[in-house]
Each structure stands twice: as structure tokens, then as C-alpha cells.
Amino acid sequence: AGLSCTGREVCLQLEDTPGYVLQCMTEPAAGWYPMEKSEKASTGAKKQVNDERGRWWATENAGAWLTVPTRRMQNAPLKPGVTYVVAELPPFEGGSSSSRNGELPDVLCFRLCVASREDSHPGRWVGSASKPITTCIAPIVGPPLCRRVFTDDDWRVSVSFFVHADSRPQAPISVSEAQGSLPMEALADLSDPSSSPGPADEDAETHGGDIPVGFGHRGVQQAQARIRIIDDSSSGEPAISAWQELPEELLALSRKSARKFGGAVAKLGDLCALTISSEQTDDVGSTSGRLQVQVRLGDGWRWSSWSSSSSLFDCCVPAPRPPPGERLKIDKLTATTARLHWKAFEIAPGLSWVTYRLIADPVQQATGGQGTHPVVATYVLPAQPPEDMLEADISNLLPGTPYTFRVSARYRRIGREEWGEELISEPWCLEDPSGDWSTLPAPAVFPCSGPRAFVADADGIPYYHTSER
5 AGLSCTGREV CLQLEDTPGY VLQCMTEPAA GWYPMEKSEK ASTGAKKQVN DERGRWWATE
65 NAGAWLTVPT RRMQNAPLKP GVTYVVAELP PFEGGSSSSR NGELPDVLCF RLCVASREDS
125 HPGRWVGSAS KPITTCIAPI VGPPLCRRVF TDDDWRVSVS FFVHADSRPQ APISVSEAQG
185 SLPMEALADL SDPSSSPGPA DEDAETHGGD IPVGFGHRGV QQAQARIRII DDSSSGEPAI
245 SAWQELPEEL LALSRKSARK FGGAVAKLGD LCALTISSEQ TDDVGSTSGR LQVQVRLGDG
305 WRWSSWSSSS SLFDCCVPAP RPPPGERLKI DKLTATTARL HWKAFEIAPG LSWVTYRLIA
365 DPVQQATGGQ GTHPVVATYV LPAQPPEDML EADISNLLPG TPYTFRVSAR YRRIGREEWG
425 EELISEPWCL EDPSGDWSTL PAPAVFPCSG PRAFVADADG IPYYHTSER
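Residue numbers (our numbering): 5 to 473.
Given below as C-alpha cells:
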């Protein structure tokens, strides 16, 4: 309806009947922060109530129907017998410590009532009440925390954030005052190792304003993310793509416990998560650049404003790479087989298998169809810590021929198809004379003029012409 996400505005469809006014009532136990009660709770006088999850303070006007001024919505659709109005609820006041903001209810019920009961029909002076409606939804506090999650078959981005869906906020402070209060050290496991600060948000002032932290969160059922790619690989200004909104998700399906992060984190609310699949990042051209995410909350009827932007993080699968300073070791196994030894490559966490490619390149390359050609062997090995040694054989080598050996790796089903960084050895060959042949070859008899077809006598002895002996 074009209403503000940061104001207490509700668009209603009403029967277009003269002589009626709109009334609202606070939904039972839907109040926010009566300041005197919050102060008592903070001193321990109501600790038993403050510790109960899902318990919310009631407001002074709980159970009383109050008349609400309205205005007609601009550019509303035309429908016979129906009008669209905007309920003009008391707005949020400036100042995070305002007691007025602490008293504003987050969930209301609405009904129509006759303006003058004396002139109304006895059985039609009041209408039925609407379902509970969230008047405004506060955005999440701070930026979402993003981390890539890898498996052997796929990878995704886990986006974590805090919502007061079941837990009561600790104090009636505004979202703008609470920004930057996340204990990032305690939440390091939720952030990607490749994270780095991104560009400042152009609309940072719209991320919450004077809305109390957690306002309307207990009615939240959905969450939605949007992403953009920032390519800062060049020396000039970074290339920033437009925001792309992803499909919304049901919040209840991804809710997790925050207790494992300690008491300080548990006070921030309920830890929730969204999942961004690798296919969704591919849709915005994530083959290069870095990813940035914003999140908003919804109840099926309205959305909060978008959160502040997350840190930048790589939007691709890191390729396997050898440990720094690692050297390739080679042993002779047979006259035509060498055994290579190397330390396990560094791989992305969560993966169980790695494909290694072994290449033996002859120092003197073949020309055309003649000469010595490279030999390639591929192995799928279980993931090991980088300090563990791996070994594999490469066969079909020529004795006495210098080769340069190379080892590279990639994943079976995720990541780039190109092979990653290589381990390269010095030229090496099978130089052991005693191992040139496993058994002595049988001698062959040829005419002195060179090999050609010949006939054998009755005893099987090759028959040669006199001129060829």
C-alpha cells in the first residue's frame, strides 16, 4: 500500500458505511514496555516473570476499545461497497529512552462501531473484531552473519540473525541505539573466514530509527534475504550489482537455540537462519566478486525495513591448495612405476573427498606421434588434515626418461572444474640399471638387411637366402 516500514501504519479494507468509526484494542498480553514495570524487572522484583519465555507485559489500556482516526488510502483499488483506509496510530517518538515508545502496543485488534449509539439499531451498533494485526515490525539488530557451508554434493550460504520471536527483549531501547551491539567475538563461528567490511549503506538511517528492539517480532512468521555482488578485484571503483530479492522462507522452520553461545548472546533473542543455495548465487553472476546480504522480517501482511548489510564474503568454493612450502617426494616402485608422496591439500571444511591428479611430463616433449608422452593418473582420496602425508602411484613410465611430476586437486561435484594450484617436482627419472627390465627380453632374429617376412624350414628354423647370411 506504499506505507512506511518504520511507522505504525495499518491499511484496512472496511465496509463503506457512513456513521461508523474505527476502534482498536490491544491484543491480550501484547503490550510492550511499561517503563515502571521494566525497571522493577531489572531490579529483580519480577525476575520470575522476566525469565519466562513468551511472557509479555500488558499495557494500561489492555481490554479497552479506543477510537482510531483514519485517512483514505491514496490510489486505492475501486471496489463497490468497500473502502480502504489507513489507521493513524500514534507514531514512534524520537529518543531511544522515550517512555512513550515503551508503552506503544505492537499487536492490535480492530472493529467498526457506530459514531452515535442513540441513533443506531440495537443489534447493529458494533461489528466483529479483526484478527490480531501487527502494527509495525522492527528490523533485526545489526547486520546478518553469513557463512558458507560445504558438502560433497552442494554448498550454500547460512545467514544467521536474532529475532525476539519467543523471548522478551531485555530493555526498551531503539534499533538505532542497539546497532553495533552484537558480541562479534562470541559469534565468530557464524561468520565466514573470508569476511571483510563492505561499503557503507546509502540508506543506513532507515534501518530502524526509533522502533523499539524486537517490536512486533512475536508475530513474525517469515524472513527474506536479498543479495548483491561487489567486484573489487580491479584497481578502480568496485562494480556493484543491483539488489536481488530471494524467495521468503518460513522462520519457524529454521529457528535454532542461542544458548550454546553463552548468556550474552541469548539476551539478543532467538537465533534464526536462512539458507541461500548455490543456484541462487549463480543467478546474480557470482562467478567472480564477493557477496553481501540484507534480511527483513514479515508476518504475511507486511515487512520490516531491510537490515544493514552484512560483511563481504567470497561467493565461490575455495579450491584445494597445497600447504605453503610443501615439496613433492618421489620413490621408484618398479621399472615403470613411481610413487609420489605429498602432504594433504588444504580444503574447505565439511568436505569428505578430494580428487587428486598426478601428471608425469617428460622433460623432452614428443613431436607428433613419436616420442614420450605425458602420463596422467587420477585418484579420489578421503579428506585428511594438512599435516597428513598422502601417496599414490603413477605407472606406464619409460625407464631412463626424465619426467617432471605435478600434483593438483579439485572437488568431485562442487567448485570449479579447473584444477587448482599444483605441486611441481624437479626433473626425475628411473635411473636404476638393475630395474630397467623385470626379466630379460627374448632375443629376436632378423635378416641382416633388416626385418622382413621370411619362411621357416621343416624344423621351424628361419630360412635365409645365401646372400643374406
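Backbone N, C-alpha and C fix where the C-beta goes; we use that ideal spot for every residue, glycine too. All of these numbers come straight from a predicted model, not from anything done at the bench.
Given V321 as reference, the closest of C9, T74, L108 and V153 once Cα atoms are compared:
As a working note, residue 321 is residue 317 in the sequence shown. With distances taken between Cα atoms, V321 lies closest to V153.
May I have the straight-line CA-CA distance separating V167 from L301, to the nearest angstrom?
For the purposes of this step, residue 167 is taken as the residue at position 163 of the sequence shown. For the purposes of this step, residue 301 is taken as the residue at position 297 of the sequence shown. Using only the alpha carbons, I get a separation of about 9 Å.
Who pairs with P386 in a beta bridge, going by DSSP?
Mapped onto the sequence shown, residue 386 falls at position 382. According to DSSP, P386 bridges with W357.
Rounding to the nearest angstrom, what Cα-Cα distance links A192 and S281 in this structure?
Here residue 192 corresponds to residue number 188 of the sequence shown, with the count starting at 1. Here residue 281 corresponds to residue number 277 of the sequence shown, with the count starting at 1. Each residue's alpha carbon lies about 22 Å from the other.
My assumption, with CB atoms under 8 Å, is that W357 sits in contact with D156. Please give the rounded CB distance.
Position 353 of the sequence shown, counted from the first residue, corresponds to residue 357. Position 152 of the sequence shown, counted from the first residue, corresponds to residue 156. Going by Cβ atoms, the distance from W357 to D156 rounds to 6 Å, so yes, they are a contact pair.
Could you pull the start and end residues of the alpha helix (DSSP H) that S180 belongs to?
Your numbering for residue 180 matches position 176 in the sequence shown. Run containing S180: V179 to A182, per the alpha helix (DSSP H) assignment.
Beta-carbon separation of P431 and V367 under 8 Å?
Position 427 of the sequence shown, counted from the start, is the residue given in the question as residue 431. Position 363 of the sequence shown, counted from the start, is the residue given in the question as residue 367. Yes, the pair counts as a contact, with Cβ atoms nearer than the cut-off.
Identify, in the order they occur along the chain, each residue of the same chain with its Cβ nearer than 6 Å to the Cβ of S134, setting aside the five sequence neighbours on each side.
As a first step, residue 134 is located in the sequence shown; it is residue number 130 there, counting from the start. Excluding residues within five positions, the ones whose Cβ falls inside 6 Å are C113 and F114.
Quick one: residues in its chain with C-beta nearer than 7 Å to the C-beta of T408, no 5 flanking neighbours on either side, listed in chain order?
Position 404 of the sequence shown, counted from the first residue, corresponds to residue 408. Excluding positions up to five away in sequence, the list reads D365, V367, I428, S429 and P431.
Please work out which residues of its chain come closer than 7 Å, Cβ to Cβ, to D196, disregarding the five sequence neighbours upstream and downstream, and give them in chain order.
Counted from its first residue, the sequence shown places residue 196 at position 192. Excluding positions up to five away in sequence, the list reads C150, R151, R152 and F317.
Whole alpha helix (DSSP H) runs in the stretch 276-357 with 4 or more residues, listed along the chain?
282-286
Simplified DSSP state of R151, which is helix, strand or coil
By one-based count along the sequence shown, residue 151 stands at place 147. Here R151 sits in strand by DSSP.
Using the Cα positions of D397 and E391, report the straight-line distance between them to the nearest angstrom.
Position 393 of the sequence shown holds residue 397. Position 387 of the sequence shown holds residue 391. Going by the C-alpha atoms only, they are around 20 Å apart.
Residue nearest to Y415 in terms of C-alpha spacing, selected from Q78, L295 and W159:
Here residue 415 refers to the residue found at position 411 of the sequence shown. Ranking the options by Cα distance to Y415, first place goes to W159.
What does the alpha-carbon distance come out to for the pair I177 and I244?
Translated into positions along the sequence shown, residue 177 becomes position 173. Translated into positions along the sequence shown, residue 244 becomes position 240. Straight-line Cα distance between these residues: approximately 34 Å.
Beta-carbon proximity check, T285 vs I351, cutoff 8 Å:
Residue 285 sits at position 281 when you count from the first residue of the sequence shown. Residue 351 sits at position 347 when you count from the first residue of the sequence shown. Going by C-beta atoms, T285 is not nearer than 8 Å to I351.
As a quick exercise: from L18, P84 and E189, pick the residue whose alpha carbon is nearest that of R76.
Numbered from 1 along the sequence shown, position 72 holds the residue referred to as residue 76. Out of L18, P84 and E189, L18 has the C-alpha closest to the C-alpha of R76.
How would you label K83, buried or exposed, when you count the other beta carbons within 10 angstroms and need 16 or more for buried?
Residue numbering aside, residue 83 sits at position 79 when the sequence shown is read from its first letter. So K83 ends up on the exposed side.
If you draw a straight line from the C-alpha of E122 to the C-alpha of V72, how long is it?
The count along the sequence shown starts at 1 and reaches residue 122 at position 118. The count along the sequence shown starts at 1 and reaches residue 72 at position 68. Distance between the alpha carbons of E122 and V72: 20 Å.
What does the alpha-carbon distance come out to for the pair P389 and L337?
Within the sequence shown, numbered from 1, the residue matching residue 389 stands at position 385. Within the sequence shown, numbered from 1, the residue matching residue 337 stands at position 333. Each residue's alpha carbon lies about 26 Å from the other.
Give every residue of the same chain whose Cβ lies closer than 8 Å to the Cβ of L362, excluding the five residues on either side of it in the sequence, and list them in chain order.
Along the sequence shown, one-based indexing puts residue 362 at 358. Closer than 8 Å at the Cβ level, and outside the excluded window around L362, lie L344, V380, A381, T382, Y383, A396, I398, F409, R410 and V411.
Based on DSSP bridge pairs, tell me the residues matched to D397.
By 1-based counting over the sequence shown, the position of residue 397 is 393. DSSP, once it has assigned bridges, lists R343 as partnering D397.
In the DSSP assignment, what are the bridge partners of F114?
For the purposes of this step, residue 114 is taken as residue 110 along the sequence shown, with counting starting at 1. The partner list for F114 (beta bridge, DSSP) reads C28.
With the cut-off set at 8 Å, would you say A229 and L255 are in Cβ contact?
Translated into positions along the sequence shown, residue 229 becomes position 225. Translated into positions along the sequence shown, residue 255 becomes position 251. No.
Sort Q369, P324 and L401 by Cα distance to A342 and report the nearest one.
Numbered from its first residue, the sequence shown carries residue 342 at position 338. The shortest Cα separation from A342 among Q369, P324 and L401 belongs to L401.
Could you have a look at R222 and say whether DSSP puts it in helix, strand or coil?
The count along the sequence shown starts at 1 and reaches residue 222 at position 218. If DSSP states are grouped into helix, strand and coil, R222 belongs with the helices.
Beta strand (DSSP E) segment containing F165, residue limits:
Within the sequence shown, the letter at position 161 stands for residue 165. Segment W159 to V167, the beta strand (DSSP E) holding F165.
Quick one: is P216 buried, meaning 16 or more other Cβ sit within 10 Å of its Cβ, or exposed?
Start at 1 with the first residue of the sequence shown, and residue 216 comes out as number 212. Its Cβ being crowded by 16 or more others within 10 Å, P216 is buried.
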